[in-house]
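Engineer: Its first residue numbered 8, the sequence shown is counted upward by one per residue in the UniProt record's numbering.
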Amino acid sequence: SSTNNTLQQDVMDKINNHPCYSEGAHQHYARIHLAVAPACNIQCNYCNRKFDCSNESRPGVTSSKLSPIDAVKKVLYVGGKIQQLSVVGIAGPGDALANPKKTFETFKLLQEKAPDLKLCLSTNGLRLPEFIDEIVKYNIDHVTVTINSVDETGEIGSKIYPWIHWKHKKVFGKQAAKILLKQQIEGIKMLTQKGILVKANSVLIPGVNDKEIANVAKKLKELNVFLHNIMPLLSKPEFGTYYGLNNQRSATDQEVMQAQEVCGMDIKLMAHCRQCRADAVGLIGEDKSNEYNNDIFKNKS
Ligand code: SF4
Ligand code: SF4
């Protein structure tokens with residue numbers, strides 16, 4: 008339909024102007040991730056809480072945690088150093104929406120102090136429907152949701168998520184996986200209805216969700232998710248092991264490529280979004296976070 012075409016064109020325009028997704032924009036714009044969100048409300052078997060959320064960062068690298076005010080100071084400082092700074096994201100080290108006060112306080116301050124910057128956030132999706140209005144209010148440009156299974160029985164999900172924290176209780180197993188999935192799908196629907204770009208990440212876990220990834224991709228297309236990023240499970244001792252299964256191995260590059268092919272992915276688009284750590288700074292593909300952290304906070308006791 009024509010509405011559909013307009014929507015598509017709209018989405019394409021947004022992507023083409025986006026530093027994270029367009030080849031042209033890529034070399035000229037920089038982004039910063041702010042590590043203001045330490046807590047998480049689910050347990051992923053591949054997560055090692057000592058490190059950043061695997062939703063949107065290289066595992067094995069610890070981010071320093073910032074208060075909203077320090078985070079905004081950092082943005083203003085880095086913005087003064089890097090003229091091309093144009094995107095600010097909150098992606099951990101826990102879950103952005105498990106720390107709603109800190110996350111939205113940061114976005115609010117940014118809207119006041121640096122209104123030209125594009126904002127993005129990354130989440131496991133559990134509390135997404137609850138915060139759609141806030142996301143719209145602060146003009147968040149795009150949201151990344153990690154979704155590893157769309158199996159409605161909760162069977163596959165229960166092998167990935169041992170528990171979730173839901174309405175002041177811990178919920179386990181299949182029931183937990185079902186609630187998480189329902190929330191993710193509802194949240195994604197609400198976002199795309201509001202015209203907000205949604206990207207999804209899936210962690211490819213051999214023997215657990217490898218056969219499921221194609222179903223995930225299909226569902227995401229129905230939901231108008233513009234980009235699906237498949238990331239390999241990295242199961243090395245220094246990254247923390249996969250707790251759900253003994254001797255869980257990593258996914259190989261070849262397995263990731265096969266999955267991308269089966270899912271019919273737009274590889275060109277995807278090549279431009281690198282997985283940035285939760286406190287990444289600089290041009291995409293480069294990371295100056297430590298350098299700037301030292302500059303900004305060296306005089307702090
Ligand atoms: Fe870890 Fe991220 Fe999963 Fe939370 S959502 S358990 S921080 S990988
Ligand atoms: Fe952009 Fe991707 Fe980095 Fe997020 S992870 S800032 S979307 S390049």
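Idealized CB from N, CA, C, for every residue including glycine.
(1) May I ask you to report which of helix, strand or coil DSSP gives S165?
(2) Is any heavy atom of ligand 1 found at a distance shorter than 6 Å from the C-beta of G101?
(3) I want to check one thing, is the minimum distance from the CB of C51 to the heavy atoms of ligand 1 below 6 Å?
(4) Just to confirm the assignment: which complete beta strand (DSSP E) runs, minimum length 3, are found wholly within the stretch 209-274?
(5) From which residue to which residue does the alpha helix (DSSP H) around G87 run?
(6) Only counting runs of 4 or more residues, tell me where the alpha helix (DSSP H) segments fall wholly within the stretch 120-156, in order along the chain.
(7) May I ask you to list the residues that DSSP assigns as paired with P107?
(8) Using only CA atoms, which one of F179, G96, D140 lies nearest to A44?
(9) Please tell me whether Q50 and W170 are closer than 7 Å, where the distance is taken between their beta carbons.
(10) Which value, in whole angstroms, describes the spacing of the CA atoms of E159 and P107?
(11) Beta-carbon within less than 7 Å of D148's beta-carbon, same chain only, minus the 5 sequence neighbours each way: which residues are those?
(12) Would you say N131 touches ligand 1, meaning its beta carbon is less than 6 Å from a heavy atom?
(13) If I follow the unbroken alpha helix (DSSP H) through G96, where does it start and stop?
(14) Confirm the yes/no value for this check: CB of C47, any heavy atom of ligand 1, distance under 6 Å.
(15) Smallest Cα separation from A183: which of N216, K166, E193?
(16) Compute the distance between the beta-carbons of P213 and A266, then report whether it is under 7 Å.
(17) Just reading off the alpha helix (DSSP H) that A183 is part of, what are its end residues?
(18) Is there contact here, the stretch 183-198 with the stretch 209-224, by at least three beta-carbon pairs under 8 Å?
(19) Do we get a CB-CB distance below 7 Å when we pair N208 with the residues of chain B?
(20) Identify the continuous beta strand (DSSP E) that holds I39 and give its terminal residues.
(21) Using three-state DSSP, classify K72 as helix, strand or coil.
(22) On the CB-based measure, 16 or more other CB atoms within 10 Å of its CB, does N236 come out buried or exposed?
(23) Roughly how many whole angstroms lie between the Cα atoms of C211 and N155?
(24) State the beta-bridge partners of H172 as determined by DSSP.
(25) Would you call A98 buried or exposed, if buried means 16 or more other Cβ atoms sit within 10 Å of its Cβ?
Structural biologist: Quick look at the numbers:
(1) helix
(2) yes
(3) yes
(4) 234-239
(5) 75-88
(6) 139-144
(7) According to DSSP, which records beta bridges pairwise, P107 is partnered with nothing at all.
(8) G96
(9) yes
(10) 28 Å
(11) K125, L126, C127, L204
(12) yes
(13) Taken as a continuous stretch (DSSP letters only), G96 belongs to no alpha helix (DSSP H), being part of the beta strand (DSSP E) at 92-97.
(14) yes
(15) K166
(16) no
(17) 180-200
(18) no
(19) As a matter of chain content, chain B is missing from the structure shown, which is built from one protein chain.
(20) 37-40
(21) coil
(22) buried
(23) For the sequence presented, residue 211 should be read as Leu rather than Cys. So the alpha carbons of these two residues sit roughly 8 Å apart.
(24) K177
(25) buried
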